[in-house]
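Read in the UniProt record's numbering, the sequence shown has 475 at position 475, and its numbers run on one by one without any break.
Beta carbons are placed, not taken as given, at the ideal position from N, Cα and C, and that holds for glycine.
Source: prediction; values computed, not measured.
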Amino acid sequence: SQAPSFSPLRQVESRDPQLRRRLDRSRQTAPLPVSGDTAADRAGSEGAGGAMDAELLELQRQLEAAQSARSSVRLSERNVVELVQKLQERGLIDFELLHTVSGKEYITSDHLKHEIKVEIKKRGRASLVDLSDTLGVDLYHIERQAQKVVTEDPALMLINAEIMSQSYWDTVTEEINEKLQERSQIALAEIAAQLHIGSELVLNILEPRLGTIVQGRLEGGQLYTPAYVSRITAMVRGATRGLTVPTNLPSVWNSLQQQLQEMHGANGVSVEGSFFQSIFVALLKEGAVLGSVRAGVHWTPAVFAHAQKESVDAFFSQNSYIGYEVLQKLVIPQPKQYLEARYPDGIALEAVFVHPSVVDMLDAAVGDAIENGQWIDSLSILPSYISGPDATKILSLCPSFQKAAKSSKAVLFGGSCVFSNVFIKGIFDQLEKEIDSFGIKHSAGQGTPVNMNSSSEHRAGSVQYSDTKDFGDNDASSTGASSDRGPKKKRGKATGSAKGGAVEKDDDEEIIPVKGKKAHRKNKDIGSSGDAKRGGKKAPEKPKEENTNIFPDELIEQKVLAVAPELEELGGQETR
Numbered sequence: 001s002q003a004p005s006f007s008p009l010r011q012v013e014s015r016d017p018q019l020r021r022r023l024d025r026s027r028q029t030a031p032l033p034v035s036g037d038t039a040a041d042r043a044g045s046e047g048a049g050g051a052m053d054a055e056l057l058e059l060q061r062q063l064e065a066a067q068s069a070r071s072s073v074r075l076s077e078r079n080v081v082e083l084v085q086k087l088q089e090r091g092l093i094d095f096e097l098l099h100t101v102s103g104k105e106y107i108t109s110d111h112l113k114h115e116i117k118v119e120i121k122k123r124g125r126a127s128l129v130d131l132s133d134t135l136g137v138d139l140y141h142i143e144r145q146a147q148k149v150v151t152e153d154p155a156l157m158l159i160n161a162e163i164m165s166q167s168y169w170d171t172v173t174e175e176i177n178e179k180l181q182e183r184s185q186i187a188l189a190e191i192a193a194q195l196h197i198g199s200e201l202v203l204n205i206l207e208p209r210l211g212t213i214v215q216g217r218l219e220g221g222q223l224y225t226p227a228y229v230s231r232i233t234a235m236v237r238g239a240t241r242g243l244t245v246p247t248n249l250p251s252v253w254n255s256l257q258q259q260l261q262e263m264h265g266a267n268g269v270s271v272e273g274s275f276f277q278s279i280f281v282a283l284l285k286e287g288a289v290l291g292s293v294r295a296g297v298h299w300t301p302a303v304f305a306h307a308q309k310e311s312v313d314a315f316f317s318q319n320s321y322i323g324y325e326v327l328q329k330l331v332i333p334q335p336k337q338y339l340e341a342r343y344p345d346g347i348a349l350e351a352v353f354v355h356p357s358v359v360d361m362l363d364a365a366v367g368d369a370i371e372n373g374q375w376i377d378s379l380s381i382l383p384s385y386i387s388g389p390d391a392t393k394i395l396s397l398c399p400s401f402q403k404a405a406k407s408s409k410a411v412l413f414g415g416s417c418v419f420s421n422v423f424i425k426g427i428f429d430q431l432e433k434e435i436d437s438f439g440i441k442h443s444a445g446q447g448t449p450v451n452m453n454s455s456s457e458h459r460a461g462s463v464q465y466s467d468t469k470d471f472g473d474n475d476a477s478s479t480g481a482s483s484d485r486g487p488k489k490k491r492g493k494a495t496g497s498a499k500g501g502a503v504e505k506d507d508d509e510e511i512i513p514v515k516g517k518k519a520h521r522k523n524k525d526i527g528s529s530g531d532a533k534r535g536g537k538k539a540p541e542k543p544k545e546e547n548t549n550i551f552p553d554e555l556i557e558q559k560v561l562a563v564a565p566e567l568e569e570l571g572g573q574e575t576r
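Quick look at the structure:
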């Protein structure tokens, strides 16, 4: 774009060939001075020099006239454009030429790139639109060359049609640091609004300069000075160390925020909860505060956890049990799992957690009762805090009961009472004597033998006896006629005695007397049983002529209590 510079003398020579020839002759004929010349020679040379000076003066006048003269040949802008096009077509101009916005100037792409670099160096931050107006080149060409400039120089960045240099950001961050030291806190949103850029770009610019140019800490979209961070750290450390019970951390942070607002007023520095949380996490890692965090917000101080363990250990060691509600009052979640993990040898029941010594105590009592042919109610041995279902579970863990149950030496009634077979057999032996004393009764209206059924039942459901015993000459016939289900099965084991035998029904918890009372009754039972078997299917077609007289439950209960008065204390209890 710049025209080459030419010497004025050479311009005149090129325009006047005659003048050029005269100058050449004068240069050839001009003598050179010699150091050894004589005085005559010097005088001659002085005369020749005077002539040459005169000639030079003439040439200067001609040169001045040539420079002041106007050219007789002038090119129009259209001619210049056509000339440039011809030169491009012939390849004499092998570089790209760009038009200015006015259309009166040409500019090369390299020169445009150079001018863009100069503007960026001068400003530090330049918009492409502003560069287009300043340089007078179309925005399209500015964008192309700007992209090349940014690519070649890693210290430059092109963001949102603006070219920014690293030196510009260094200057900006220095100004930000000055404001930060004055105010103790600056929001990134405020910086972004002042610089007319995005908050993400501000974050990317500030992060590598933190600790060097910017003396502060960036947290939660806020910049804080080191002094202010130390102050907040002291507040968080003091607040968390002062807690002695489990607390939600957000409530603590809200309290600290209110405290700061009261100290500094409405225009004071605002602190986000995330800033408190990050400081707290750092203190926890350093060991400055002791405790545990659950789900990131539930804080349990170490002093409270220590008090929890001491309370649980003291209660469990003194009472050999602990209820789950006690742990809930101590704010221990999942108390059952907590106790199982802390005391692996303990026994987790439905409502309480007991020590293994409780099982050993009950096992000794149950084993003694079975060995002596007695019965025992486990609830009378176990502490009052253990209910029926829990008593059943503890009984199932007693080795003496497990062994007796497998060998059919004991029976469990009501979930908590254990009866030995010896005790049950003794009761039935005495009941047989009582039943025999009643004899055989006949119905006054029909004159038929009376079928008397004997049964004994424990009111609480702990011990139950239920069966029908036939008396009289035609007892067996009455039994067969009153039931169409065929012969009755006997379940359990029979144990003999001096007077008779008994069969235990372990499923229904019943004991059935099986031995007849008199010989003539036994013969009639056999005949009646045979008739019942042969005519079992036709029994419903026959009219029932027998009147059945069953012993009332109250009478059976009286007889059982008369034989075993110690069972009377269970009469008002309910089966558990």
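Query, Result
"Count the C-beta pairs between the region 92-105 and the region 126-139 that are closer than 8 Å, then say yes if the count reaches three, no if not.", "yes"
"What is the rounded straight-line gap between the Cα of S165 and the Cα of L156?", "5 Å"
"Check whether the Cβ atoms of Y324 and V358 lie closer than 8 Å to each other.", "no"
"Give the secondary structure of T134 by DSSP, where H, G and I count as helix, E and B as strand, and everything else as coil.", "helix"
"Look at Q222 and E272 and say whether their C-beta atoms are less than 8 Å apart.", "yes"
"Using 8 Å as the Cβ pair cut-off and three pairs as the minimum, do the region 340-358 and the region 273-289 touch?", "no"
"Using C-beta distances below 6 Å, list every residue in its chain close to V293, excluding the 5 sequence neighbours before and after it, in chain order.", "W299"
"Find the nearest neighbour of P565 within the set Q258, E434, I427, D436, judged by alpha-carbon distance.", "I427"
"Could you pull the start and end residues of the beta strand (DSSP E) that Q222 belongs to?", "222-224"
"Given a cut-off of 8 Å, decide if V236 and I279 are closer than it, judged by their beta-carbon atoms.", "yes"
"Reducing DSSP to helix, strand and coil, say where D313 ends up.", "helix"
"As a quick exercise: from K559, Q308, S184, G373, pick the residue whose alpha carbon is nearest that of L218.", "S184"
"Looking only at its own chain, which residues have a Cβ that is under 7 Å from the Cβ of G198, when we skip the five neighbours before and after it?", "A192"
"Could you compute how far the alpha carbon of I205 sits from the alpha carbon of E119?", "22 Å"
"List the residues that DSSP assigns as beta-bridge partners of F353.", "I322, A348"
"If you draw a straight line from the C-alpha of F419 to the C-alpha of A351, how long is it?", "26 Å"
"Among L210, V303, L260, G216, which residue has its Cα nearest to the Cα of G242?", "V303"
"Inspect the beta-carbon positions of D345 and P356 and report whether they are closer than 8 Å.", "yes"
"If I follow the unbroken beta strand (DSSP E) through D377, where does it start and stop?", "375-377"
"By the DSSP assignment, the alpha helix (DSSP H) with S199 in it spans what residues?", "199-206"
"How big is the Cα-Cα spacing for E178 and I213?", "10 Å"
"Can you tell me which residues form a DSSP beta bridge with E162?", "S127, I159"
"Quick check on G415: buried or exposed, where buried means 16 or more other Cβ atoms within 10 Å of its Cβ?", "buried"
"According to DSSP, what are the bridge partners of Y106?", "H99"
"Looking at the unbroken beta strand (DSSP E) that takes in T300, where does it start and where does it end?", "298-301"
"At the level of alpha carbons, what is the spacing between V150 and L75?", "40 Å"
"Sorted by chain position, which residues of the same chain lie with C-beta nearer than 6 Å to F315's C-beta, five sequence neighbours on each side aside?", "I322"
"Does the distance from the C-beta atom of V366 to that of C398 stay below 8 Å?", "yes"
"Compare the C-alpha of A348 against each of L362, S311, Q430, A391 and name the closest.", "A391"
"If you follow the alpha helix (DSSP H) that I142 is in, where does it begin and where does it stop?", "139-152"
"Taking the alpha helix (DSSP H) that E262 falls in, what are its first and last residues?", "249-264"
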